[in-house]
Amino acid sequence: MYSIRAATEADLPAAVELVTRLQADPGHHVGYHGTTGEEVAEELTRLTPDWATGAVVGVDGHGAVRALLSVEADPEQGRAWLYGPFVDVPAGHPAARQVWHNTADDLLDLATGSPLLAGITDLELYGHRLNRLLGDFAARHGFAAGAASRVFTLTGAALRSVLISAAEDTVGPRKLNGDPATRAQVVDLHERCFPNRSASGEQVVAGTRGHTVVVLTGADGVIGYAAGFVQQEELYVDYVAVDPNMRDAGAGRSLVRALLRTLAAEQGVRCQAAAVIALGNDASERMFTALGFTLHLELVAYRLR
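Its first residue numbered 1, the sequence shown is counted upward by one per residue in the UniProt record's numbering.
Right, dumping it as structure tokens:
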């Protein structure tokens, strides 16, 4: 139904419009993207070396972009993330499900031939738990369903309260500096706490994936750290880790507050903050809930190794 080809830079406006429209429907929602045009444009254009490298599109007979699958790869980890597939099937089409799957298969066939995926042995898909098209697609291609995760968000007065309370702190977590011993301890803690992470400890500390890091230290070294980054419309908390011997003392909450304060001070306040928590991580859910975060949606990851 659609012709599949490699994406070009000229396809970006149509790709952003397509993704933004489909992201609004839980049945098509993919966890890597936001829901506004500004968020989607930022997320696509931050891909390296550029958004079109590794991306493939499906176009109709008039040349309009009706399908998209884009790729982000990390050769250091041998891992890649597939953003999509997004397929726009005309409303009322008598074989809508078949069209979606046939198009998605064709997108995957072309995308996996990209030089970006040379040497990659670990692929991941990520979508809303109600995106059954993605779940079925993953199963057909041998992706194993992982545990669900939950997106928590903080907005309005609750967000302002956290930023104000953090700004009033005179002691506690501070932005990570260049001290080699502290940086090495953060890397070690990251690797111990996040064995299936999307960014290595070295990448987080070096900021090569865009992270800002705050760290809490004590007499014996690093107690914990938090890392995140700023997106178009939100402050995103990506990692929070506290030494197992120092938990249940409020260190995690203090780190999150300090991270949000640092991100807002350096790059500007946003309308919300967000964090993704693995389903079953009750301690993290309690910590973020205590800060005022509320459940926004649930997502599921699928991995092929």
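Every residue, glycine too, gets a C-beta built ideally from N, C-alpha and C. In this text, all values refer to a predicted model and were calculated from it rather than measured experimentally.
Through-space distance from P94 to R253, alpha-carbon basis = In a straight line, the C-alpha of R253 is about 52 Å away from that of P94.
ask   = When DSSP labels each residue in this structure, what does E76 get in the three-state scheme?
value = coil
Status (buried if at least 16 other CB within 10 Å, exposed otherwise) for H266 = Checking the sequence shown, residue 266 turns out to be Glu, not His. By the neighbour-count definition (other C-beta atoms within 10 Å, threshold 16), E266 is an exposed residue.
message = Let's see if you can read the secondary structure: which residues bound the alpha helix (DSSP H) around E285?
response = 282-290 is the extent of the alpha helix (DSSP H) around E285.
request  = Could you spell out the range, first to last residue, of the alpha helix (DSSP H) harbouring D109?
outcome  = 96-111
key: Under the three-state DSSP convention, the category I223 falls into   = In the structure shown, I223 sits in a strand (DSSP, three-state: E or B).
key: Neighbourhood of L260 by C-beta, 7 Å cutoff - its chain only, sequence neighbours within 5 removed   = V162, L163, A166, L235, A273
key: Rounded separation between L82 and G58 - CA only   = 16 Å
ask   = Can the beta-carbon of A275 be found closer than 8 Å to that of V237?
value = yes
key: Rounded distance between the beta-carbons of A138 and Y32, thought under 8 Å   = Incorrect: roughly 14 Å between the Cβ atoms, too far for contact.
Expected contact under 8 Å - CB spacing of A241 and C193 to nearest Å = 4 Å
query = With DSSP run on the structure shown, which of helix, strand or coil describes R183?
reply = Helix, per DSSP.
query = Just checking, does the segment 15-25 make contact with the segment 208-219 on the three C-beta pairs under 8 Å criterion?
reply = no
Beta-bridge pairing of E124 - partner residues as DSSP gives them = DSSP lists W81, R303 as the bridge partner or partners of E124.
Residues bridged to Q272 [DSSP beta-bridge criterion] = T155, E234
message = Whole angstroms are fine: how far does the CA of L12 sit from the CA of E124?
response = 23 Å
inquiry  = Please return the same chain residues whose Cβ sits closer than 7 Å to the Cβ of V65, not counting the five positions on each side in sequence.
reply    = D11, A14, A15, L18, V57, V59
ask   = With a Cβ-Cβ cutoff of 8 Å, do L134 and G127 count as a contact?
value = yes
inquiry  = Output needed for G54: all residues of its chain with C-beta closer than 6 Å, excluding positions within five of it in sequence on either side, in chain order.
reply    = V71, S114, L116
request  = Report the option in A6, D50, M246 whose CA atom is closest to the CA atom of T112.
outcome  = A6
query = So what does A91 bridge to, in DSSP terms?
reply = For A91, which the question treats as bridged, DSSP gives no partner whatsoever.
task = Rank T208, P244, A249 by C-alpha distance to the C-alpha of F229 and give the top, closest one.
result = T208
key: Nearest-angstrom Cα separation, counted from N245 out to F86   = Each residue's Cα considered, the two are about 44 Å apart.
ask   = When you compare each of V213, R150, A249 to L279 by their alpha carbons, which one comes out closest?
value = Taking only the C-alpha atoms, the option nearest L279 is R150.
ask   = Which one or two residues does DSSP pair with S254 in a beta bridge?
value = Per DSSP, none; premise fails for S254.
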